[in-house]
Amino acid sequence: MIDYQGKNILVTGASSGIGAAIACRFAAQGARLFLAARNLAKLEDVCRRCMEAGAAQAEAFVVDFSSESSIDAFVETVKGRGVSFDCLVLNAGISQRALTLDTDISVDRKIMETDYFGPVYLTKKLSYMLRSAKLVNIAVTSSISGLFGFPLRSAYCAAKAALFGFFEALELENPNIKVTFLIPGRINTEISKSAVLGDGSTYSQMDAGQANGMDVDKCARIAVRAISKCKHRQLIGGVELLMVYIKKYCPALFFKLAGKVSAT
Ligand SMILES: NC(=O)c1ccc[n+]([C@@H]2O[C@H](COP(=O)([O-])OP(=O)(O)OC[C@H]3O[C@@H](n4cnc5c(N)ncnc54)[C@H](OP(=O)(O)O)[C@@H]3O)[C@@H](O)[C@H]2O)c1
Numbered sequence: 037m038i039d040y041q042g043k044n045i046l047v048t049g050a051s052s053g054i055g056a057a058i059a060c061r062f063a064a065q066g067a068r069l070f071l072a073a074r075n076l077a078k079l080e081d082v083c084r085r086c087m088e089a090g091a092a093q094a095e096a097f098v099v100d101f102s103s104e105s106s107i108d109a110f111v112e113t114v115k116g117r118g119v120s121f122d123c124l125v126l127n128a129g130i131s132q133r134a135l136t137l138d139t140d141i142s143v144d145r146k147i148m149e150t151d152y153f154g155p156v157y158l159t160k161k162l163s164y165m166l167r168s169a170k171l172v173n174i175a176v177t178s179s180i181s182g183l184f185g186f187p188l189r190s191a192y193c194a195a196k197a198a199l200f201g202f203f204e205a206l207e208l209e210n211p212n213i214k215v216t217f218l219i220p221g222r223i224n225t226e227i228s229k230s231a232v233l234g235d236g237s238t239y240s241q242m243d244a245g246q247a248n249g250m251d252v253d254k255c256a257r258i259a260v261r262a263i264s265k266c267k268h269r270q271l272i273g274g275v276e277l278l279m280v281y282i283k284k285y286c287p288a289l290f291f292k293l294a295g296k297v298s299a300t
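Counted the way the numbering used here counts, the sequence shown spans residues 37 to 300.
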């Protein structure tokens with residue numbers, strides 16, 4: 037198990053939900069936390085919680101991961117300060133609640149920009165540091181929706197699936213990079229509220245499926261343990277994870293069930 041005391045950890049999407057909970061877990065190990073998202077007030081609150089939990093440092097960075105120029109500015113800041121990350125938790129993301137044929141292509145692109153190109157672009161911008169590091173953990177928050185198609189989530193499924201290909205190839209090319217795919221099922225966060233509808237507006241509702249999901253602190257405990265052990269992939273959730281095994285071992289049954297499971 038890696039000891040993160042004094043280690044530099046970047047968490048994207050750290051202003052709420054899974055990212056905030058993961059940050060607090062690493063804080064309890066005495067890590068130095070670099071927390072990035074768009075909402076400064078929420079980030080500062082998470083920083084405060086991290087310091088109370090025992091972080092050696094917790095700092096907020098306002099970054100929009102759907103914008104190359106915003107990522108550029110962030111990387112210039114950390115580069116200028118000579119910061120080198122021991123661990124990246126690439127977690128920022130938005131979801132979708134719209135039928136495939138009702139989803140405007142601009143929404144597909146917006147979800148891909150945030151959930152796929154954001155982590156990909158950031159990783160490339162940090163290549164100067166990744167190339168020279170002895171060992172870097174990269175945790176990537178995908179989803180069980182990245183393992184199969186699911187109603188109302190076509191763009192989200194596509195973005196989360198694409199992460200596997202990119203980051204697995206990166207790991208195979210670089211022996212000093214250890215990738216952990218975090219694969220949550222349903223976790224009790226407010227992700228459904230920021231989910232995007234077919235016309236680009238925000239869904240703004242707390243789904244029952246979300247509210248009945250796994251406790252976010254339990255999710256973070258499992259995630260940080262998996263990262264510390266350099267596990268290649270970690271499923272996190274409850275009974276919904278059965279769908280992963282049904283898809284793998286009994287695909288015909290999967291297609292019967294998946295359309296009937298509530299998507300909200
Ligand atoms: N909850 C689940 O059931 C579940 C299941 C599978 C996968 N996941 C994945 O887990 C990750 C975290 O989600 P969550 O459940 O913790 O939901 P959440 O509470 O809504 O967290 C999403 C985080 O991403 C950030 N974010 C969104 N768009 C961003 C952008 N353009 N630039 C920078 N930051 C952005 C948000 O911060 P700001 O709004 O402050 O920018 C927030 O910190 C996501 O990638 C999600 O897809 C969640």
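Heads up, the beta-carbon is just placed ideally off N, CA and C, and yes, glycines get one too.
Among the options, which residue has its Cα nearest to the Cα of residue i?
i    : options                   : result
L69  : P211, G53 and N44         : N44
S131 : T113, D151 and D122       : D151
L126 : I38, N248 and A175        : A175
T139 : I107, K161, L79 and A231  : A231
D144 : C266, A128, C255 and L233 : L233
D100 : I258, L166 and L158       : L158
S51  : A94, I258 and R74         : R74
L183 : L208, L289, P220 and A96  : P220
Can you look up residue i in the DSSP assignment and give me helix, strand or coil?
i    : result
E226 : coil
Q246 : helix
R145 : helix
V176 : strand
I38  : coil
I130 : coil
L171 : coil
P287 : helix
F200 : helix
V119 : coil
V297 : coil
Tell me which residue opens and which closes the beta strand (DSSP E) that residue i is part of.
i    : result
I272 : R269 to I272
I69  : According to the sequence shown, residue 69 is Leu rather than Ile. Run containing L69: R68 to A73, per the beta strand (DSSP E) assignment.
E95  : Q93 to V98
C123 : C123 to L126
P155 : Not the beta strand (DSSP E): P155 falls in the alpha helix (DSSP H), residues G154 to K161.
V47  : N44 to T48
V252 : Where V252 is concerned, there is no enclosing beta strand (DSSP E), although the alpha helix (DSSP H) it sits in stretches over V252 to S264.
Applying the 10 Å Cβ sphere with the 16-neighbour rule, what's the burial state of residue i?
i    : result
Y164 : exposed
A247 : exposed
M37  : exposed
V297 : exposed
I54  : buried
I107 : buried
What first and last residue would you give for the alpha helix (DSSP H) that runs through residue i?
i    : result
Y113 : In the sequence on display, residue 113 carries Thr and not Tyr. First-last of the alpha helix (DSSP H) with T113: E104 to G116.
L79  : L76 to A89
Per the contact definition of three or more C-beta pairs closer than 8 Å, is the stretch 132-141 in contact with the stretch 182-202? yes
So does the stretch 224-237 actually touch the stretch 249-259, counting three or more Cβ pairs closer than 8 Å? yes
So does the stretch 81-100 actually touch the stretch 45-64, counting three or more Cβ pairs closer than 8 Å? yes
Counting pairs of beta carbons, one from the stretch 263-272 and one from the stretch 214-221, are three or more of them closer than 8 Å? yes
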